[in-house]
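*Asks:*
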Amino acid sequence: MRRYGKHTDEDDVRVRPNRKGNRPRTHIRPKHEDAAEGMVLTVDRGRLTCLVDDRVIMAMKARELGRKAAVVGDRVALVGDLSGRKDTLARIVRIAERTSVLRRTADDDDPYERVVVANADQLAIVTALADPEPRPRLIDRCLVAAFDGGLEPLLVLTKSDLAPPEKILELYGALDIPYVVTSREELADGDAADRVREHLDGRITAFVGHSGVGKTTLVNALVPEERRRTTGHVNAVTGRGRHTTTSALALPLGKGEGWVVDTPGVRSFGLHHVDPARVIHAFPDLEPGTENCPRACSHDEPDCALDAWVEEGHADPARLYSLRRLLATRERREGD
Ligand SMILES: Nc1nc2c(ncn2[C@@H]2O[C@H](COP(=O)(O)OP(=O)(O)O)[C@@H](O)[C@H]2O)c(=O)[nH]1
Ligand SMILES: [Mg+2]
Ligand SMILES: [Zn+2]
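So, in structure tokens, the structure goes:
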């Protein structure tokens, strides 16, 4: 069985996700042999909305889980009242091993890390081309979190009706990260959703980005209201693009077509949990240039080979600046 290193110490391995259609393999705990398998759709003050078969069920975690917390995207085992009727509450008795973990801390100095989404395959980093202005350093931080958490990045550049994408694409085009550019017009005629959907097929995609970049608008364009209603989320989504996004929220694209996870806007993406030595992996345009670095190079010292790498035109100077700034904020607090 594949183990995911440090992710497993947080949650005991009890149930495996029922990915390939075979029955979930349940280990130990004969106590809850009859537990049903479900997926956490959203969390609100200790109440977890879960999908079991086609039923939306409210649940809380069982005492035996101790301090382990289930998050959106978690595969869980549930017992108790699974009817999904009003005012019923099931109990979550197990959390399955996670295939990926998107984590963030409030800032780099904050050791308290929260798991934003579990089991996502892809991280859609949503950036508006204007209103609000793109913030490459936030993009870089999201990229680090994606690489560190085992998610494939997807760049979604919204509001191209307000500003052109060229400048941002110059910075990120070299990274071989798939990207989609969307506009208000394309949102209206369905083209935006179609083009984003091409990247979502069958996978769980978490949408992150600064507040106001258009995450909820996009997610709503991807998931018709009809389907939002069947998973009971229609109350959380009020009107066009309006959404009181306080917790991540998983929405189904359709049977076997995957999931999208809307998340609350982030101002910063703290990376306290990421080993600085791993940060460079999120800079594939710079990483090959570190071959000539001195051993244990901080990449911010006179002998660092990255200056030459950039001078030779292998990467954009802005990217090196961004890397250095990110590494520096890992050491001391600094605004983004
Ligand atoms: N001009 C323009 N506005 C957009 C576009 N996408 C979303 N918006 C607007 O941007 C605002 C914030 O959108 P919202 O989806 O709530 O952003 P979120 O905070 O990232 O979820 C809303 O007023 C949307 O109508 C776009 O492509 N072009
Ligand atoms: Mg939103
Ligand atoms: Zn170096």
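Residue numbers (the UniProt record's numbering): 1 to 336.
For every residue, glycine included, the Cβ atom is placed at its ideal position computed from N, Cα and C.
(1) Can you tell me whether Y321 is helix, strand or coil according to DSSP?
(2) Applying the criterion that 16 or more other CB atoms from any shown protein chain within 10 Å of the CB defines a buried residue, is L292 buried or exposed?
(3) Do you know whose CA, among A193, M58, S211, G80, lies nearest A128's CA?
(4) I'd like to know whether the C-beta atoms of P258 and V126 end up nearer to each other than 8 Å.
(5) Residues around ligand 3, please: the ones whose beta-carbon is closer than 6 Å to some heavy atom of it, in chain order.
(6) How would you write the range of the beta strand (DSSP E) that D262 sits in, first residue to last?
(7) Excluding sequence positions up to five away, which residues of its chain have a Cβ less than 7 Å from the Cβ of L222?
(8) So, are the CB atoms of L89 and M58 less than 8 Å apart?
(9) Give me whichever residues DSSP pairs with E152 in a beta bridge.
(10) Rounding to the nearest angstrom, what Cα-Cα distance links A218 and F283 in this structure?
(11) Does the Cβ-Cβ distance between R114 and R103 come in under 8 Å?
(12) Once the 5 residues before and after H281 are set aside, which same chain residues still bring their CB inside 6 Å of it?
(13) Using beta-carbon positions only, say whether C142 and V71 come within less than 8 Å of one another.
*Replies:* So, from the data block:
(1) In the three-state scheme derived from DSSP, where H, G and I count as helix and E and B as strand, Y321 is classed as helix.
(2) According to the sequence shown, residue 292 is Asn rather than Leu. The residue is exposed, with fewer than 16 neighbouring Cβ atoms inside 10 Å.
(3) Nearest C-alpha to A128 among A193, M58, S211, G80: S211.
(4) Note that residue 258 corresponds to Gly in the displayed sequence, not to Pro. Taking 8 Å as the Cβ cut-off, G258 and V126 do not qualify as a contacting pair.
(5) Selection output, chain order preserved: T290, C293, C297, H299, C304, A305, L306.
(6) Here the beta strand (DSSP E) through D262 covers 258-262.
(7) For L222, where only same-chain residues beyond five positions count, the Cβ hits under 7 Å are A193, V196, R197, L253, V260.
(8) Yes, the Cβ-Cβ distance between L89 and M58 is below 8 Å.
(9) Its beta-bridge partners are Q122.
(10) This sequence places Leu at residue 218; Ala is not what is there. About 27 Å.
(11) Cβ distance < 8 Å, so R114 and R103 count as in contact.
(12) Closer than 6 Å at Cβ, skipping near neighbours: F147.
(13) No, these two residues do not count as a Cβ contact at 8 Å.
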